[in-house]
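This report refers to the structure that appears directly beneath it.
Protein chains in written order, with the working numbering: chain D, 52 to 386; chain P, 16 to 312.
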């Protein structure tokens, strides 16, 4: 039974991936920007245009173009970016670590605050804490992440001077640390350069905090819902009847049971942070995948746009699958 | 003629009386939630502001006055002026037209499609169900904003492409929801009765299955409106939605963001407008869920 369900999940993954590639391909074909003219320029003579068209395979039937596209992607080739003149895969490899760093710190911050907040709200259901958490969650859902980013810059950078400005590094530390992982804080630690480490951390704090706030509301609301369900179950009543302390019941008994669905929620939220990262990176001039995507968009660099979209979609699918598998693995009730 | 006695009668004399009585009771339940009522009030106020923008505006939304740029709020300019000396209050009013217009357009495009796809998949089952659900899987496999971004890039940045892109990313959750509701009632006795009376599958889906799905769909749509507002503003902010000089709120923030450190009110005021619009629909949807869809709590 369990294996069958697992098999059903795994079968849907290739279909979803196929759809992902197909949608990306179709987006690329409806572009009003002629891909040939984008490469050779609009003053090229007719025969150059024709040759480029043949080289790109644009004279072939759509289905054949799609098959070529699939083969190309399967071999790890996403084409060349018009803007940077590098292969798109190389660009993505260069920009991705910054987004990874940002999203990882954000999810850690969000879970450290969101989970206890949600649990406490559930324990004091209907009390002032619960009401404030609920309002806070609604507000968090309603505030655009780029407005929060601007307000944060205004307050912490301009008025209070607590945080450094936009960007990933101070000028003094620029290119001082060898790139090994691309994750700046880790690279600085590996190089043993504490100055660079603190600088990177200080620059990270503001965008990561803004991004964390974005997912905090959802995490707190889910933690609250899970905890409420646990607290009304019979084993909690038994534990209370045995005279266990409330703290022990909540954290040692109930929390263990909500840990598994919570981890699933965290993984899904982590995937969702990719979306918030696009806007956050723009506000804080954070050189990550999101900024790469928007800059390519504004320059009509379709290979880069489609490559980045595909990679984000792929990460999303993989994380969703991971959450699903994790849930099956950790929760004996689903087995 | 319509008294609360007539509405609350436990023995309605007609279908009309029963229907209105049910609506009235829903309203009574809704009214007990002050936050939801506040959400409704703000949403209605915004709607009125959008409709009567030309009457409420104190200036021309496009009129520039470079001698008078980046002014703080004053009696002449309630919300101050922007980098070209245009009146921000007036532009916020006209911006409400664009934002709410986009929301309405997306909902009108998406809700019927989602409802129909979901009901058809759920009622028919089999291969149709499997194919349609795989299609929704694919669309749900992209983060919403990213897919919208790629679509806008493929078309031309502007209000119409932003609406199309958001609509394209918004329908799958509705289809999922409608399908789940349909599966719940597909084998109910009243459906079997209609089927035995000889109704065609289309008639069953359109006249008997779809109406049952509508309350939960309304809740979902209302909650989704806030996310549509945020996505539209996000596209505008990235320069891919409404284009300047259109006074779309996200676009206004994008052009004014460089003044955040000195004339902070210029980008912050449209930000507050987006926040209020989005919050009002969230509160409204939250209240509606308690009334229309109690099982989802």
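Every residue, glycine too, gets a C-beta built ideally from N, C-alpha and C.
Proximity of residue 20/P to chain D, defined by a Cβ-Cβ separation below 8 Å, is not satisfied. A Cβ-Cβ distance of about 4 Å is found for the pair residue 165/D and residue 271/D, placing them in contact under the 8 Å criterion. Per DSSP, the beta bridge partners of residue 102/P are 96/P. Where residue 243/D is concerned, there is no enclosing alpha helix (DSSP H), because DSSP gives it neither an H nor an E. Around the beta carbon of residue 38/P, fewer than 16 other beta carbons lie within 10 angstroms, which makes this residue exposed.
At a cut-off of 4 residues, the continuous stretches assigned as alpha helix (DSSP H) that sit fully inside the segment 284–324 of chain D are 285–292. Residue 254/D is outside the set of residues whose beta carbon lies under 8 Å from a beta carbon in chain P. Inclusion of residue 268/P and residue 252/P in the CB contact set at 8 Å is warranted, their separation being smaller than that value.
Within a 10 Å sphere around the beta-carbon of residue 168/P sit 16 or more other beta-carbons, which makes this residue buried.
Between the segment 155–165 of chain D and the segment 258–265 of chain D, the count of Cβ pairs shorter than 8 Å is three or higher; the stretches touch. Between the segment 339–354 of chain D and the segment 288–299 of chain D, the count of C-beta pairs closer than 8 Å stays below three; the two stretches do not touch. Excluding residues up to 5 positions away in sequence, 216 lie with their Cβ nearer than 8 Å to the Cβ of residue 139/P in the same chain. Between residue 132/P and chain D, the shortest Cβ-Cβ separation is not below 8 Å. Assignment of beta-bridge partners to residue 138/D by DSSP yields 131/D.
Residue 198/P and residue 58/D have their alpha carbons spaced roughly 23 Å apart. Look at residue 154/D: its C-beta is not under 8 Å from any C-beta on chain P.
In the pairwise beta carbon analysis, the segment 104–123 of chain P is classified as touching the segment 169–189 of chain P: at least three pairs are separated by under 8 Å. Residue contact with chain D for residue 284/P: absent (no Cβ-Cβ distance below 8 Å to any residue of chain D).
Rounded to whole angstroms, residue 224/D and residue 104/P show a C-alpha spacing of 44 Å. Nearest CB-CB separation between residue 193/D and chain P: below the 8 Å threshold. Residues of chain D whose Cβ lies closer than 7 Å to the Cβ of residue 297/P are, in chain order, 189, 192 and 193. Restricting attention to 97/P, 195/P and 277/P, the CA atom closest to the CA of residue 78/P is found in 97/P. Neighbours of residue 261/P across chain D, judged by C-beta separation under 9 Å, do not exist; the nearest C-beta is about 17 Å away. Within a 10 Å sphere around the beta-carbon of residue 321/D sit 16 or more other beta-carbons, which makes this residue buried.
Under the three-state reduction of DSSP, residue 188/P is assigned to helix. With respect to the 8 Å criterion, residue 236/D and residue 255/D are classified as neighbours on the basis of their beta carbons. Closer than 8 Å to the CB of residue 101/D there is not a single CB belonging to chain P.
For the segment 151–179 of chain P, residues whose beta-carbon sits nearer than 8 Å to a beta-carbon of chain D comprise 152, 153, 154, 156, 157, 158, 159, 160, 161, 162, 164, 165, 166, 167, 168, 169, 170 and 171.
The three-state secondary structure of residue 213/P, taken from DSSP, is coil. Residue 66/D has a beta carbon lying within less than 8 Å of a beta carbon in chain P. If you draw a 10 Å sphere on the C-beta of residue 214/D, you find 16 or more other C-beta atoms in it, and that means buried.
A distance below 8 Å between beta-carbons, with the five flanking residues on each side excluded, links residue 325/D to the following residues of its chain, in chain order: 150, 154, 340, 341, 363, 366 and 367. In this structure, the CA atom of residue 122/D is about 32 Å from the CA atom of residue 132/P. DSSP places residue 110/D in no alpha helix (DSSP H); its state is neither H nor E.
Sixteen is the threshold: since fewer than 16 other Cβ atoms of the shown chains lie within 10 Å of the Cβ of residue 222/P, the residue is exposed.
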